[in-house]
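Each residue of the sequence shown is one higher than the one before, starting from 1 at the first, in my numbering.
In this text, a Cβ means the ideal position worked out from N, Cα and C, and glycines have one as well.
Everything on this sheet refers to the single structure shown next.
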Amino acid sequence: MPSRRTLMILAGFGSAAMLAAAFAFQHLGGLAPCAMCLWQRWPHAGAIVLGLLGAAVPSALVAVAGGLAMLGNAGIALYHTGVERDWWEGPTSCSGGGGDLGAMDVADLLNPEIGSGIVMCDEVAWEMLGLSMASWNGLACLALAALWFAAARARTA
Numbered sequence: 001m002p003s004r005r006t007l008m009i010l011a012g013f014g015s016a017a018m019l020a021a022a023f024a025f026q027h028l029g030g031l032a033p034c035a036m037c038l039w040q041r042w043p044h045a046g047a048i049v050l051g052l053l054g055a056a057v058p059s060a061l062v063a064v065a066g067g068l069a070m071l072g073n074a075g076i077a078l079y080h081t082g083v084e085r086d087w088w089e090g091p092t093s094c095s096g097g098g099g100d101l102g103a104m105d106v107a108d109l110l111n112p113e114i115g116s117g118i119v120m121c122d123e124v125a126w127e128m129l130g131l132s133m134a135s136w137n138g139l140a141c142l143a144l145a146a147l148w149f150a151a152a153r154a155r156t157a
């Protein structure tokens, strides 16, 4: 079995690859992220930092923290998938319900430029094999969590 340090570095690289893919979809593919997509980026950023820390100090505590970050991210991804599939309601700020129409005047309501930059969380922008990006991220996060927890159990060398 690989060492704890090696597994932690691999897990950190896994999150870096996921974050790079998200930025590629955004900047090269033209798919702007919704609010919940952005939420899912933060645990990956934290896991990258933990991977770097684990390379320097391969402690089981750091590995467990990485695993928990990925389990949290998988939870966000499951929540996002449920919103996309209409299993439950999402935040009103990005899933079509809400907005303070009373604060807008008639000219704002008729202006096609208002709100055009908002990406709805309950719409699937891209999917492969019937799974959305949120769903794929959730699966990847579960795999990365397993890698982090394997690192916690591995030998330290």
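Cβ pair isoleucine 9, methionine 36 closer than 8 Å: no
Proximity to threonine 81 [Cα-Cα], best of Gly67, His44, Ser135: Ser135
Contacts around alanine 145, its chain only, beta-carbon distance under 6 Å, and the 5 residues preceding and following it disregarded: Gly67, Met70, Leu71
Distance between arginine 41 and valine 64 (C-alpha atoms, nearest Å): 19 Å
Reduced DSSP category for glutamate 84 - H, G, I as helix; E, B as strand; rest coil: helix
Inter-residue Cα distance where the pair is alanine 47 and serine 15: 6 Å
Residue(s) in a DSSP beta bridge with glutamate 127: Ser132
For glycine 90 and leucine 52, believed in contact at Cβ under 8 Å, the rounded distance: Not really, about 33 Å apart at Cβ, beyond 8 Å.
Buried or exposed (CB count within 10 angstroms, at least 16 for buried), valine 57: exposed
Rounded distance between the beta-carbons of methionine 18 and alanine 140, thought under 8 Å: 6 Å
Inter-residue CB distance, valine 119 and alanine 32 (contact presumed, cutoff 8 Å): 5 Å
Top-ranked residue by Cα proximity to serine 132, from Ala154, Val49, Leu142, Glu84: Glu84
Alpha helix (DSSP H) segment containing serine 3, residue limits: Careful: serine 3 lies outside any alpha helix (DSSP H) and carries neither H nor E.
Inter-residue spacing [alpha-carbon to alpha-carbon] between valine 49 and valine 62: 10 Å
Cβ neighbour criterion (16 or more within 10 Å) applied to leucine 147: buried
Neighbour-count burial assignment, phenylalanine 23, 16 or more Cβ in a 10 Å radius: exposed
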